[in-house]
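The next block holds one structure in the form of structure tokens; read it before the comments.
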Amino acid sequence: MLTHPSRDWSASIQFTAMDKRRRCSPCREFDPNFNSVAKAWTKVPAAERNAHFFGTIDFDNATPIFQKLGISSAPVVHVYPAAEGPRRPASGRTGPISYEFTHGFDAAPLAEQLSRFTPVTIPYKAPIDFSQLGTFAAVSLVAAVGIRFIYPVLLNRWTWAAVTVLVSLVMTSGYMFTRIRGMPNSGANGQWIAPGYQNQFGQEVQVVAMIYGSLSAAFLMLILVTPAQLSPSRQRAQVYLWTAVIFIMFSVLISFFKVKNRGYPFKLLF
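Positions in the sequence shown are counted from 1; adding 13 to them yields my numbering.
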């Protein structure tokens, strides 16, 4: 019937392989969506409905047809335009037209594309996803309850000070450099330091940010916390401690430059 030269109706045919022995996961994924579009077509008036038909051909029930059409994979959708009458294509092409799965196996794009060949638009409407609706409601409820606790934190100047410091540390450590150049997180054989000043791996950003953060914290402790100590011995101990941290971390930073470029002439402790 589909190849009859006087056919004045069109059809959308799904070629599939639903038998579990075929192990066709795409077939099982696409079949419910094709059936949903076909079911939506039954809602149009009979005059238009009887001018376009939906059908499914399974490989195990019609192997010769698959072989004759040269179909070696599934699922496949062929649209057969009308061969005669007012709906005959102006180009005169009445052979099957293959549906391209450019947008995946979803029913909405399938209905949109097939509507180009039907007398009227296929009245397909996506079903309500109650799981997503429930998730959205739960998240909204948690956000509404939690906002009263988070709001004071967001208004706290120390919160924004901490965020500003963290962003500054990450950015000054070369984050945008690696993003713009598309540098990998690490090199071959686990190498995480890229040789040369014009190259940088993603892990270097983390290490440099940690070093900068440690130096910043040590300076803050030395400037803000140490002078507030009432005990002279404790104050002296903190001076020695944070000074030592500054010297050690700055030595690590300088040695880091020396690893990237063996010709780097400076060093502090090591």
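Backbone N, C-alpha and C define an ideal beta-carbon position, used for all residues, glycine too.
Keep in mind the model is a prediction, meaning the values are calculated, not measured.
Where Asn74 and Gly159 are concerned, what is the direct C-alpha to C-alpha distance, given to the nearest angstrom?
Straight-line Cα distance between these residues: approximately 58 Å.
Using 8 Å as the cut-off, can you tell me whether the segment 77-97 makes contact with the segment 152-166, which would need three or more C-beta pairs spanning the two stretches below that distance?
no
Tell me the residue span of the beta strand (DSSP E) that contains Thr326.
For residue 326 there is no data in the structure shown, the boundaries of the chain being 14 and 283.
Neighbourhood of Ala139 by C-beta distance below 8 Å, restricted to the same chain and skipping five residues each side
Cβ within range, chain order: Ala120, Ala121.
Helix, strand or coil for Phe263 per DSSP?
helix
Please classify Phe279: does DSSP put it in a helix, a strand, or coil?
Judged by DSSP in its simplified three-state form, Phe279 adopts coil rather than helix or strand.
Would DSSP call Thr69 helix, strand or coil?
strand
Top-ranked residue by Cα proximity to Pro99, from Val166, Ile259, Phe130:
Phe130
For the alpha helix (DSSP H) that Tyr225 lies in, which residues bound it at each end?
215-233
If you follow the beta strand (DSSP E) that Val92 is in, where does it begin and where does it stop?
Bounds of the beta strand (DSSP E) holding Val92 are 89-93.
Between which residues of its own chain and Leu243 is the CB-CB distance below 8 Å, once the five residues before and five after are set aside?
none
Is it buried or exposed for Val155, if we count other Cβ within 10 angstroms and need 16 for buried?
With fewer than 16 Cβ atoms within 10 Å of its Cβ, Val155 is classed as exposed.
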